[in-house]
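> Note that the protein sequences, when read in sequence, are chains A and B.
Position in the first sequence counted from 1, then plus 245, gives you my numbering.
Position in the second sequence counted from 1, then plus 245, gives you my numbering.
For each residue, glycine too, the CB sits at the ideal point set by N, CA and C.
Bear in mind the structure is a predicted one, so any value in this text is a computation, not a measurement.
Quick one: the structure is below, questions incoming.
There are 2 protein chains.
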Amino acid sequence: MKTPLNSSNLQITKNPSPSRPRPNDQLQFGKTFTDHMLIVEWNANEGWGNPQIKPYGPFSLDPSSVVFHYGFELFEGMKAYRTVDNKITLFRPDKNMKRMNESAARICLPEFDGNELIKLIGKLIELDKHLIPQGEGYSLYIRPTMIGTSETLSVVSPDKALLYVICSPVGPYYKTGFKAVKLEATDYATRAWPGGCGDKKLGANYAPCVLPQLVAAQRGYQQNLWLFGPEKNITEVGTMNAFFVFSNPNTGKNELVTAPLDGTILPGVTRDSILELARKRLDPHRWEINERYCTIFELSEKSKNGELVEAFGSGTAAIVSPIKEIGWKNEKIQVPLSPGEETGPFTKEAAQWILDIQYGKVTQGNWSETVADLN
Amino acid sequence: MKTPLNSSNLQITKNPSPSRPRPNDQLQFGKTFTDHMLIVEWNANEGWGNPQIKPYGPFSLDPSSVVFHYGFELFEGMKAYRTVDNKITLFRPDKNMKRMNESAARICLPEFDGNELIKLIGKLIELDKHLIPQGEGYSLYIRPTMIGTSETLSVVSPDKALLYVICSPVGPYYKTGFKAVKLEATDYATRAWPGGCGDKKLGANYAPCVLPQLVAAQRGYQQNLWLFGPEKNITEVGTMNAFFVFSNPNTGKNELVTAPLDGTILPGVTRDSILELARKRLDPHRWEINERYCTIFELSEKSKNGELVEAFGSGTAAIVSPIKEIGWKNEKIQVPLSPGEETGPFTKEAAQWILDIQYGKVTQGNWSETVADLN
Chain A
246 MKTPLNSSNL QITKNPSPSR PRPNDQLQFG KTFTDHMLIV EWNANEGWGN PQIKPYGPFS
306 LDPSSVVFHY GFELFEGMKA YRTVDNKITL FRPDKNMKRM NESAARICLP EFDGNELIKL
366 IGKLIELDKH LIPQGEGYSL YIRPTMIGTS ETLSVVSPDK ALLYVICSPV GPYYKTGFKA
426 VKLEATDYAT RAWPGGCGDK KLGANYAPCV LPQLVAAQRG YQQNLWLFGP EKNITEVGTM
486 NAFFVFSNPN TGKNELVTAP LDGTILPGVT RDSILELARK RLDPHRWEIN ERYCTIFELS
546 EKSKNGELVE AFGSGTAAIV SPIKEIGWKN EKIQVPLSPG EETGPFTKEA AQWILDIQYG
606 KVTQGNWSET VADLN
Chain B
246 MKTPLNSSNL QITKNPSPSR PRPNDQLQFG KTFTDHMLIV EWNANEGWGN PQIKPYGPFS
306 LDPSSVVFHY GFELFEGMKA YRTVDNKITL FRPDKNMKRM NESAARICLP EFDGNELIKL
366 IGKLIELDKH LIPQGEGYSL YIRPTMIGTS ETLSVVSPDK ALLYVICSPV GPYYKTGFKA
426 VKLEATDYAT RAWPGGCGDK KLGANYAPCV LPQLVAAQRG YQQNLWLFGP EKNITEVGTM
486 NAFFVFSNPN TGKNELVTAP LDGTILPGVT RDSILELARK RLDPHRWEIN ERYCTIFELS
546 EKSKNGELVE AFGSGTAAIV SPIKEIGWKN EKIQVPLSPG EETGPFTKEA AQWILDIQYG
606 KVTQGNWSET VADLN
């Protein structure tokens, strides 16, 4: 009988030298971490060991560990928010746990009870709650990670793994308000493929995308707009899901469009939240919401016809990232922005929907999970 | 001015407790390692640090290191052989160094002078030469590896990296002679794709292939025969290149076929060696040698017509791995083998060509590089 992940077996070793919170203007994404980390070891014979919270510090790993050779690694990105009523909450953590287990299954790393990991993350956050920055847009970025630690050069299913969680206090992605980006529509490099693993949050999906990003940057673009196939379907933007707002002159409606989850698209929590809220809150007489393929040719055509209204990426780090221009071969596809504005009205509204739920101003089902009450 | 990789800056710290060689029958691939390892640190500001040979032991790495999150990792597989005239040689190490640099460039890890690394590997091997096993098929497996070690959760080009080399004494892949394998032709999972990185030796290419291998194993197959695209082109077998021998009743010739290097195929050193030797040594009146696409449908057809003569995988670990059957949907494509035989004549001959060069019985250009003379 293998031991399941069990939060009640948690062992805590407190950091003897707790740190002071940094001023909000000195927070850097993913560069500084809180005083503690959570680690849980797993092996194929016994299952999950006792979860441990201990001082943040380095791992000691054998050079033959499979994580260094064969890409046995996956992660999640979540945030803890300090709400207006002084609670610490997570935003839809069940979605992250589900995806993390799906990522694990895809590369033969162990699955676990997501509720148990949420409880453990709660304990970890509570211990370092003084380091969670205050203010809208400020939060604690949480990075659950799993790596294969078997010490063998054979390419086999790992018999040892390490699940760990580290946390980084972060400020808003856009410190001085939204900043619309320029993208290079990229067809020479392919982010994901049917039968691959682009819908999982695996390390394997990230390193190969950095070179095309550098190439785009040399050409004056901040990110890639990833195209797929001979049709040149738009799939994702950088490491975010891609959304477009079109106007339809025939129906007089707007259309909100994002790529369907066909196995090449990361099922983003922000993506899902925007879709669900849009379906709930937008007037169906004025809006259509579609998960469908959209090619770069359609985008170009609609831009020329004045039917491209807004474009943005969605993700946990920035919530939304407005797009102002897309370079495609010799063409520059323009996304209209009002003078002096860096974002369109729907993009801004969608971000505010999410922010209001994250900071406890608006309740939306069970999307906010309280992990600590500071009152 | 950034410092290049320089073997003359090598610093050696000897292992105070050298180990004894294990008996040949106790060698396990990639499970036990020699007494020393080579490490070289790199950072974007200064370039390569002083190479160090020191006792084999664990690395200490921050939990935020990019190698754990974003797949910044690559490796090579090489072997050192104890030749019949008592020298220690490497087999075409320049090919591994070239590919390693190409892998590094693809994921924004640093490139280096391959000749310098070969010299350093030579020093490393010489120090542990008593651990290189003796006998045909026995060798020292060498694993050059590079990982990104920047401590950041940002998905950017790493500004710190670690190049290291570890070595494992190994026996022949087939301890009791060749053993032909059964493959499952796999089209539901895709190993590599155009615009991806299947032609580089990145960690990213390996973990996603283990689950399909387990599925194939459950169905009674040892490995996957990876198909690509609607055409169902045969690309690779497991982690090896795929070769077929066909007979052509029209010309009366045999044809040796392997997939072309179109960006989805790993440019295997053994693959290249077999092709080059076949072009040099086989009678052109009796053989055609082609790097061309071959679909699973063609294979099935040729098998039925009696034109499929041999099939094998090629790679550093096994040199060749003969194939006896390929499961494809409800069909079992049979590869003929003489009664009592586990390999066809060309497969066996090609393996012997390579073995004879590796163990110094036959000289082939500059394919063998002597790193130590034990006389």
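Does the stretch 571-586 of chain A come within contact of the stretch 424-436 of chain A, defined as at least 3 CB pairs closer than 8 Å?
Flag = yes, the stretch 571-586 of chain A and the stretch 424-436 of chain A touch.
> Using beta carbons (cut-off 9 Å, strictly below), is A/G465 in contact with chain B?
A/G465 does not count as touching chain B.
> Step through the CB atoms of chain B and report whether any lies within less than 9 Å of the CB of A/K276.
It does; some Cβ of chain B falls within 9 Å.
> Run through the stretch 410-442 of chain A for me and flag every whole alpha helix (DSSP H) of 4 or more residues, listed as ranges in chain order.
As far as the stretch 410-442 of chain A is concerned, it has no whole alpha helix (DSSP H) run of at least 4 residues.
> Please list the segments of the beta strand (DSSP E) lying wholly inside the stretch 335-404 of chain A, counting only runs of 3 or more residues, in order along the chain.
Within the stretch 335-404 of chain A, the complete beta strand (DSSP E) runs of at least 3 residues are 384-393.
> Whose C-beta lies closer than 7 Å to the C-beta of A/D618 among residues of the same chain, with five residues either side of it excluded?
So the list reads K332, once near-sequence residues are dropped.
> So, is B/F278 buried or exposed, given that buried needs 16 or more other C-beta atoms within 10 angstroms?
That one is buried.
> With DSSP run on the structure shown, which of helix, strand or coil describes A/F591?
A/F591: helix per DSSP, three-state reduction.
> How far does the beta strand (DSSP E) with B/F304 in it extend, from its first residue to its last?
Segment 304-306, the beta strand (DSSP E) holding B/F304.
> Going by the beta-carbon positions, is the gap between A/A449 and B/N288 smaller than 9 Å?
Against a cut-off of 9 Å, the Cβ pair of B/N288 and A/A449 comes out as no contact.
> Go through the stretch 447-474 of chain B residue by residue and report every complete run of the beta strand (DSSP E) that reaches 3 residues or more, in order.
List check, beta strand (DSSP E) in window: 468-473.
> Report buried or exposed for B/V329, applying the criterion of at least 16 other Cβ atoms within 10 angstroms of its Cβ.
B/V329 comes out exposed.
> Name, going along the chain, the residues of the stretch 418-443 of chain A whose beta-carbon falls closer than 7 Å to a beta-carbon of chain B.
Those would be Y433, A434, T435, W438, P439, G440, G441, C442, in chain order.
> Scan the stretch 502-544 of chain A and note each continuous beta strand (DSSP E) run of 3 residues or more that stays entirely inside, going in chain order.
The stretch 502-544 of chain A contains these whole beta strand (DSSP E) runs: 532-536.
> Under 7 Å between beta-carbons, which chain B residues line up against A/W315? List them in chain order, please.
Residue identity check: residue 315 of chain A is Tyr in the sequence provided, not Trp. Per Cβ cutoff of 7 Å: G448, Y451, A452.
> Just how far apart, CA to CA, sit A/Y315 and B/I599?
Going from the Cα of A/Y315 to the Cα of B/I599 covers about 27 Å.
> Could you compute how far the alpha carbon of B/K368 sits from the alpha carbon of A/L472?
Distance between the alpha carbons of B/K368 and A/L472 is about 47 Å.
> Hey, does B/D358 have any beta-carbon neighbour from chain A nearer than 9 Å?
For B/D358, the answer is no, since every Cβ of chain A falls outside 9 Å of its Cβ.
> Note down, in chain order, every chain A residue with its Cβ under 7 Å from the Cβ of B/L520.
Those within 7 Å of B/L520 in chain A number zero; the least Cβ separation is about 24 Å.
> Which residues does DSSP list as the beta-bridge partners of A/G585?
Bridge partners of A/G585: none, in fact.
> Is the number of C-beta pairs between the stretch 475-494 of chain B and the stretch 547-558 of chain B that are closer than 8 Å three or more?
Yes: the two stretches touch, three or more of their Cβ pairs being nearer than 8 Å.
> Around the C-beta of B/E500, are 16 or more other C-beta atoms found within 10 angstroms, so that it is buried, or is it exposed?
With 16 or more Cβ atoms within 10 Å of its Cβ, B/E500 is classed as buried.
> Taking all protein chains shown into account, decide if A/Y409 is buried (16 or more other Cβ within 10 angstroms of its Cβ) or exposed.
Buried, since its Cβ has 16 or more Cβ neighbours within 10 Å.
> Measuring only between beta-carbons, confirm whether A/F336 sits less than 9 Å from chain B.
By this cut-off, A/F336 is not an interface position.
> According to DSSP, simplified to helix, strand and coil, what is B/V329?
Note: B/V329 maps to coil in three-state DSSP.
> Give the single residue among A/H375, A/I534, A/A430, A/F313 whose Cα lies nearest to the Cα of A/I541.
If we check each option's Cα against that of A/I541, A/A430 comes out closest.
> According to the Cβ coordinates, are B/L319 and B/L447 closer than 9 Å?
Their beta carbons are under 9 Å apart, which means B/L319 touches B/L447 by this criterion.
> How about B/P414 and B/M345: are their beta carbons less than 9 Å apart?
Cβ atoms of B/P414 and B/M345: not closer than 9 Å.
> Below 8 Å, can you find three or more Cβ-Cβ pairs linking the stretch 467-483 of chain A to the stretch 525-542 of chain A?
Judged by Cβ distances under 8 Å, the stretch 467-483 of chain A makes contact with the stretch 525-542 of chain A, as three or more pairs qualify.
> Taking the DSSP output, what are the residues bridged to A/K577?
Partner(s): A/G572.
> If the cut is a Cβ gap below 9 Å, which residues of chain A does B/C539 touch?
Neighbours of B/C539 on chain A: none; closest Cβ ~19 Å, over 9 Å.
> Give the straight-line distance between the Cα atoms of B/A523 and A/D444, rounded to the nearest whole angstrom.
The alpha-carbon atoms of B/A523 and A/D444 are separated by roughly 42 Å.
> Which chain B residues sit within Cβ distance under 7 Å of A/F320?
Neighbours of A/F320 on chain B, chain order: H314.
> Identify the continuous alpha helix (DSSP H) that holds A/V312 and give its terminal residues.
Counting along the chain, the alpha helix (DSSP H) containing A/V312 begins and ends at 311-314.
> According to DSSP, is B/S559 helix, strand or coil?
Reduced to three states, the DSSP call for B/S559 is strand.
> Determine whether the beta carbon atoms of A/W293 and A/N251 lie at a separation below 9 Å.
Cβ distance < 9 Å, so A/W293 and A/N251 count as in contact.
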